[in-house]
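As structure tokens, the structure follows; a few thoughts come after it.
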Amino acid sequence: MRKILILVCLLALSCSKSSPKPPTTPELLFPLKSSECTTGVTLGTTNTSEVELAWNASARTDLYEVKITNLNTNLTQTLSTTTTKQKVVLDKGVAYSWFVTAKNDEVSETTASEIWKFYNAGSQTTYPPFAAEIISPKSGQTVFKDTNNDVTLEWLAEDVDNDIANYKVYFGTTTPPSGLLATNAPNNTTVKVGVVINTVYYWKVVTTDAEGNASDSGVYQFKAR
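Residue 14 is where the sequence shown starts when you use our numbering, and the numbers rise one by one after that.
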């Protein structure tokens, strides 16, 4: 009987031990979202500067992985640190996106921060809008049309100067799409379009600001069902 009680106690103790938990989500601090970063330190006579990225500490984290992408070239730098700051060398006058992933040695599950964009200050006085981020449909997605045979296209736009003038949405069954579907006001980031089932469509958004600067989202595709 005593052996049984001991076994039961050991089982209870083993069950009471909580499983390791993944890290909590890191929160980005600097450079600010959709901003111009002016704190970079120029490196010699080059057109580059050293910028310090910063974020809030996340619980149960042993390592942070920082990914920062040059939005002109789509080249990504991946850096690792155990602190909540990371210096990185960036081209001046270029748009970047970045995010931080928190890792824990005890679990394989990781957590990632939001993705923020910023311009690394250069000689410019104005900047083009960031390329529109496609929300829906995602590229390669199969989408069900509504009762009116329509699909809603949706995107997100950000601009350092906060002077977006309009969005031009191009749409068609060939790539790149050449048909102008709509010209939307700055506060309108959706448009409905009629579709035919089992057809692949291509679309993109060109964002233009008050200075005439423009950015292209790139071409996305989806199939209607």
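Beta carbons: idealized from backbone N, C-alpha and C, even for Gly.
1. Got a sec, what are the start and stop residues for the beta strand (DSSP E) leucine 84 sits in?
2. Would you tell me roughly how many angstroms separate the C-alpha atoms of threonine 82 and serine 62, rounded to the nearest one?
3. Use the C-beta contact count for valine 54: other C-beta atoms within 10 angstroms, 16 or more gives buried, fewer gives exposed.
4. Quick check on the burial criterion: 16 or more other C-beta atoms within 10 angstroms. Buried or exposed for threonine 221?
5. Out of curiosity, what's the CA-to-CA distance linking lysine 158 and alanine 145?
6. Compute the beta-carbon to beta-carbon distance between lysine 217 and valine 204, rounded to the nearest angstrom, for a pair I have assumed lies under 8 Å.
7. Quick one: is glycine 172 buried, meaning 16 or more other Cβ sit within 10 Å of its Cβ, or exposed?
8. Can you tell me whether DSSP reads alanine 227 as helix, strand or coil?
9. Residues in its own chain within less than 6 Å of serine 32 by CB, not counting five upstream and five downstream?
10. Are alanine 67 and lysine 116 touching if we call contact CB-CB under 9 Å?
11. Could you tell me which uninterrupted beta strand (DSSP E) segments, each at least 3 residues in length, are contained entirely in the region 154 to 178, listed from first to last along the chain?
12. Can you tell me the Cα-Cα spacing of lysine 80 and serine 110, whole angstroms?
13. On the DSSP bridge list, what partners appear for lysine 151?
14. According to the Cβ coordinates, are valine 182 and leucine 193 closer than 9 Å?
15. Is the distance from the Cβ of asparagine 175 to the Cβ of threonine 196 below 9 Å?
16. What residues match up with glutamate 242 in a beta bridge as DSSP calls it?
Considering the structure as presented:
1. Here leucine 84 belongs to no beta strand (DSSP E), and DSSP marks it neither H nor E.
2. 15 Å
3. exposed
4. Around the beta carbon of threonine 221, a 10 Å sphere encloses 16 or more other beta carbons of the protein chains shown; the residue is thus reported as buried.
5. 23 Å
6. Rounded, the Cβ-Cβ distance is 12 Å, inconsistent with contact.
7. With the sequence shown as reference, residue 172 is identified as aspartate, and glycine is not the correct amino acid for it. By the neighbour-count rule (16 or more Cβ atoms within 10 Å), aspartate 172 is buried.
8. strand
9. none
10. no
11. Taking only runs of at least 3 residues, the beta strand (DSSP E) segments lying wholly in the region 154 to 178 are 154 to 156 and 163 to 169.
12. 8 Å
13. BP columns for lysine 151 are empty, so no partner.
14. yes
15. no
16. Residue 242 lies beyond the stretch modelled for the chain, which goes from 14 to 238, so this question has no answer here.
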